[in-house]
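Visitor: There's a structure below that I have some questions on.
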Amino acid sequence: MTPELVPQGGRTEHLGATITPEGVNFAVYSESASCIWVCLFDEQDQEIERFELDVHEDNIHAGLIANIGAGARYGLRADGPYDPDQGLFFDPHKLLVDPYARHLDRVFVRSPRLRLAREDAVDTAPLVPKAIVRGIAEEKAKPRRKKVPGLFYELNVRGFSMRHPGVQGPLRGTVAGLTTRRVIEHFKHLGVDTVQLMPIAAWIDEGHLPALGLTNAWGYNPVTYFAVDPRLVPRGPQELRVMTHAYRKAGINVILDVVYNHTGEGDQQGPILSMMGLDPQTYYRWVEVNGKKHLVNDTGTGNTLRCDHPAVQRLVIESLRYYVEELGVAGFRFDLATILGRDPGFNPEAEMLEKIKADPVLSQVILVAEPWDPGPGGYALGKFGQEFQEHNDTFRDEIRAFWKGEGGKIGALAGKVSGSAEIFDVAGRKPHHGVNMLAVHDGFTLRDLVSYHDKHNEANGEDNKDGHNNNQSWNCGAEGETDGPGINAARKRDVRALLATLFLSRGTPLIQQGDEMYRTQQGNNNAYAQDNEITWIDWESADGALVDFVAAINAFRKAHPAISHDHWLTGQERNGVRDVVWLHPDGREMNEGDWNDAGASVLGMHVRYKDDEVLVWFNRRVEPVVARLPEGDWAVGIQSDDASEVPFTEGTATLPPRSVVALVRPAPQDQ
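Counting in numbering that gives the first Met the number 0, the sequence shown runs from 0 upward without gaps.
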């Protein structure tokens with residue numbers, strides 16, 4: 000049957016392509032377009048029909064096309080004013096991807112032709128992915144009931160699975176590969192309850208990468224928000240639903256890292272692929288300078304999403320709900336989350352954020368904010384309210400500084416391991432609102448943190464100018480890989496001490512993929528363009544002992560509410576017991592002089608909750624330290640340097656160099 004446009008048949012309730020009993024309804028929002036067409040394509044990628052949509056009063060162009068259904072392939076074209084100096088790029092020669100497309104037939108590929116001027120009259124249809132019409136699932140997905148995560152695990156689909164021995168052939172590098180038994184067993188062994196997938200929405204390479212022979216490995220350059228990148232789900236988005244279902248059965252949440260701050264269309268010289276060609280003034284923020292309009296660049300990527308516009312807010316809310324209701328996602332980590340609240344400065348009560356908080360679906364899932372962006376006034380740690388957890392970069396910086404050996408950090412250590420109360424103990428928030436991390440994707444791995452004094456990003460082709468310069472890293476005596484047994488032992492010792500500090504702190508811990516197995520990126524602290532062996536985990540060289548240590552210390556954390564209970568430590572006496580006492584290694588309580596001692600490098604944290612009691616010692620010295628203990632019997636619960644003994648003698652314990660030791664009261668049968 001021949002597709003045909005039903006006169007005046009378009010409906011505006013649902014944007015995108017919606018299957019109806021009569022055919023497929025198409026609806027597209029644009030305030031500035033004079034005309035929008037739906038273009039149908041055959042399996043040979045040839046345009047076979049073009050239909051003009053009706054314009055409705057609510058700025059929605061809509062039309063019903065009969066005699067087509069699921070599987071139909073389409074794109075959009077739009078006409079209107081073309082004036083680049085005023086931020087208008089309408090060009091019917093440009094094929095555009097529907098912002099509400101849920102399935103694409105191929106990945107996005109860079110080409111100079113995607114940005115040619117209107118007068119060049121170059122049809123971009125051969126270069127642009129086609130959207131595939133999909134129906135709505137008959138049953139809503141069932142994500143796990145919302146609860147406070149115990150351990151976040153940041154994961155890049157391709158980096159994690161490309162060399163995994165339990166993931167075979169075509170499943171490598173895909174979401175489906177994450178459902179294999181050995182992958183899930185790894186997370187169960189570690190005690191991970193929340194896997195955080197780095198961006199999976201269909202993305203495009205940055206403009207300079209193809210000439211360097213590189214591709215975007217991270218996904219923080221999306222073009223659309225509904226469609227999962229075809230590299231990750233080659234058989235369609237249902238593969239993500241299968242994955243989230245398998246993880247839910249295993250007791251693991253799956254949350255997505257989402258990028259509602261910019262798109263891969265970039266600056267005013269970037270490719271025109273979707274929103275820039277449909278309605279640039281609606282979707283992006285602009286500023287006028289000397290009569291010309293320029294894209295606002297609060298993200299550092301060339302453009303900034305206009306999250307204070309109702310159409311953008313609708314796109315964000317509906318795409319988030321799609322991932323929850325259709326694909327079973329249990330929550331989201333919002334990249335550069337302050338962009339969601341910019342108008343233009345950051346407002347924690349901005350309409351976009353309030354809509355997310357009030358939504359009956361989204362308010363019931365895990366919400367995590369990266370509380371900053373590069374724009375003016377973009378640092379907003381602690382300002383996202385009870386509904387959001389927040390990445391706590393102060394934990395990363397202060398804990399690194401302490402273990403690196405910076406002076407005057409003993410007070411900062413105490414503040415961070417007790418939950419960063421100075422940031423989060425406001426308006427009823429709890430320690431879990433702070434997400435503690437020591438390393439994530441945009442920086443050194445933990446192994447590289449203790450192996451490189453400087454970044455080594457030469458492989459990125461930017462003369463090592465990209466990436467952070469201030470990493471608070473150290474190399475233990477040699478830069479990079481070495482055969483020196485003493486240096487390598489020191490590095491592993493330091494990694495274990497760092498991990499022990501993370502897991503024995505209040506707040507919600509996060510580890511990035513591979514840090515539990517001593518992964519290196521060869522000193523690259525900005526490996527966004529390394530979709531290769533630099534970012535692909537080498538499972539054959541995994542440090543099994545370190546994996547087991549992470550599993551053990553996470554289990555220890557969970558077993559001891561004195562460490563993990565979600566209440567603020569006050570040091571005040573209650574029922575004759577104080578919930579925390581900070582100890583000097585000579586056994587006395589820390590005093591003002593001790594806290595101000597720039598050379599202080601050993602600290603005891605004696606914490607109690609109900610019947611549970613734990614004494615944690617942090618020793619960054621390069622020699623053993625004899626620490627006097629509170630009265631009573633003590634035993635080692637867990638220690639970072641398990642190759643060394645912790646001798647107990649007459650009320651003291653000898654702490655190994657550069658280590659963390661957690662002591663517990665021995666059970667009666669052990670006394």
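Idealized CB from N, CA, C, for every residue including glycine. Since this is a predicted model, take the numbers as computed values, not measurements.
Whole angstroms are fine: how far does the CA of Phe443 sit from the CA of Val580?
Guide: Val580 and Phe443: Cα-Cα distance of roughly 34 Å.
Visitor: Buried or exposed: which applies to Ile135, given that a residue is buried once 16 or more other Cβ atoms fall within 10 Å of its Cβ?
Guide: By the neighbour-count rule (16 or more Cβ atoms within 10 Å), Ile135 is not buried but exposed.
Visitor: I need the DSSP call for Trp217, collapsed to helix, strand or coil.
Guide: In the structure shown, Trp217 sits in coil (DSSP, three-state: anything other than H, G, I, E or B).
Visitor: Roughly how many whole angstroms lie between the Cα atoms of Asp482 and Gly158?
Guide: Their Cα atoms are separated by approximately 26 Å.
Visitor: Can you give me the C-alpha to C-alpha distance between Gly86 and Met516, rounded to a whole angstrom?
Guide: Between Gly86 and Met516, the C-alpha separation is close to 48 Å.
Visitor: Lys609: buried (16+ other C-beta within 10 angstroms of its C-beta) or exposed?
Guide: Exposed, because fewer than 16 other Cβ atoms sit within 10 Å of the Cβ of Lys609.
Visitor: Is Lys454 buried or exposed, if buried means 16 or more other CB atoms sit within 10 Å of its CB?
Guide: Buried, by the Cβ-count rule.
Visitor: In angstroms with no decimal places, state the Cα-to-Cα distance between Gly650 and Gly631.
Guide: In a straight line, the C-alpha of Gly650 is about 8 Å away from that of Gly631.
Visitor: Applying the 10 Å Cβ sphere with the 16-neighbour rule, what's the burial state of Ala245?
Guide: So Ala245 counts as buried.
Visitor: Name the two residues that bound the continuous beta strand (DSSP E) containing Trp616.
Guide: Start and end: 611-618.
Visitor: Check Asp84 in the structure and name its three-state DSSP category.
Guide: Asp84 falls in the helix class under three-state DSSP.
Visitor: Fully enclosed by the region 252-298, which beta strand (DSSP E) runs are 3 residues long or longer?
Guide: Complete beta strand (DSSP E) runs here, min 3: 252-257, 285-288, 291-294.
Visitor: One question on the structure: do Arg109 and Asp204 come within less than 7 Å of each other, judged by their Cβ atoms?
Guide: Contact flag set, yes.
Visitor: Would you mind sorting Glu56 into buried or exposed? The rule is 16 or more other CB atoms within 10 Å of its CB.
Guide: So Glu56 ends up on the exposed side.
Visitor: Do Gly433 and the ligand ADP come close, with the Cβ less than 6 Å from some heavy atom?
Guide: Inclusion of the ligand ADP in the displayed structure is not the case, the ligand content being empty and no account of it being possible.
Visitor: Quick one: Cα of Gly671 to Cα of Val328, how far?
Guide: Outside the displayed range of the chain (0 to 670) lies residue 671, so it cannot be described from this structure.
Visitor: Whole angstroms are fine: how far does the CA of Pro370 sit from the CA of Lys464?
Guide: One C-alpha to the other measures close to 25 Å.
Visitor: For Thr675, which residues does DSSP report across the bridge?
Guide: As shown, the chain starts at 0 and ends at 670. That puts residue 675 outside it, with no answer to give.
Visitor: Let me know if Thr303 comes out buried or exposed under the rule of 16 or more other beta-carbons within 10 Å of its beta-carbon.
Guide: With 16 or more other Cβ atoms within 10 Å, it is buried.
Visitor: In this structure, how does DSSP classify Trp538 when only helix, strand and coil are distinguished?
Guide: Three-state DSSP puts Trp538 in a helix.
Visitor: For Pro221, which residues of its own chain have a beta-carbon under 7 Å away from its beta-carbon, when the five flanking residues on both sides are left out?
Guide: Hits under 7 Å: Pro198, Ala200, Ala201, Trp202, Val258, Thr262, Gly263.
Visitor: Identify which residue in Cys34, Ser33, Ala32, Arg49 has its Cα closest to the Cα of Phe40.
Guide: Comparing Cα positions, the closest option is Arg49.
Visitor: Tell me whether the beta-carbon of Glu238 lies closer than 7 Å to the beta-carbon of Val174.
Guide: Against a cut-off of 7 Å, the Cβ pair of Val174 and Glu238 comes out as a contact.
Visitor: Ala499 and Ser600: beta carbons closer than 7 Å?
Guide: Contact flag unset, no.
Visitor: Please check the pair Asp530 and Thr300, which I expect to be a contact at CB under 8 Å, by giving their CB distance rounded to whole angstroms.
Guide: Asp530 to Thr300, Cβ: 19 Å. No contact.
Visitor: What is the C-beta distance between Val127 and Leu361, in whole angstroms, given that I count them as a contact (C-beta under 8 Å)?
Guide: Not really, about 31 Å apart at Cβ, beyond 8 Å.
Visitor: With a threshold of 16 other CB atoms inside 10 Å of the CB of Gly592, please say whether the residue is buried or exposed.
Guide: By the 10 Å Cβ count, Gly592 comes out exposed.
Visitor: Between Glu622 and the rest of its own chain, which residues show a CB-CB distance below 6 Å, the 5 nearest in sequence each way excluded?
Guide: For Glu622, where only same-chain residues beyond five positions count, the Cβ hits under 6 Å are Pro656.
Visitor: I need the DSSP call for Met161, collapsed to helix, strand or coil.
Guide: Looking at Met161 - three-state DSSP - the assignment turns out to be coil, as it is neither helix nor strand.
Visitor: Do you know how far the Cα of Ser160 is from the Cα of Thr17?
Guide: The straight-line gap from Cα to Cα measures roughly 34 Å.
Visitor: Between the C-alpha atoms of Met589 and His583, what's the straight-line distance to the nearest angstrom?
Guide: Those two C-alpha atoms are separated by around 5 Å.
Visitor: Quick check on the DSSP output: the beta strand (DSSP E) that includes Trp567 runs from which residue to which?
Guide: No beta strand (DSSP E) contains Trp567, which DSSP labels as neither H nor E.
Visitor: Short of 6 Å in beta carbon distance, which residues of its chain neighbour Thr281, apart from the five on each side in sequence? Order them along the chain.
Guide: Glu30, His308, Ala310.
Visitor: Note down, in chain order, each residue of its chain lying with its Cβ closer than 6 Å to the Cβ of Val671, except the 5 sequence neighbours on either side.
Guide: Since the displayed the chain opens at 0 and closes at 670, residue 671 lies outside it and no answer follows.
Visitor: If you compare alpha carbons, which of Leu63, Asn595, Pro233 is closest to His102?
Guide: The shortest C-alpha separation from His102 is found at Pro233.
Visitor: What residues match up with His308 in a beta bridge as DSSP calls it?
Guide: According to DSSP, which records beta bridges pairwise, His308 is partnered with nothing at all.
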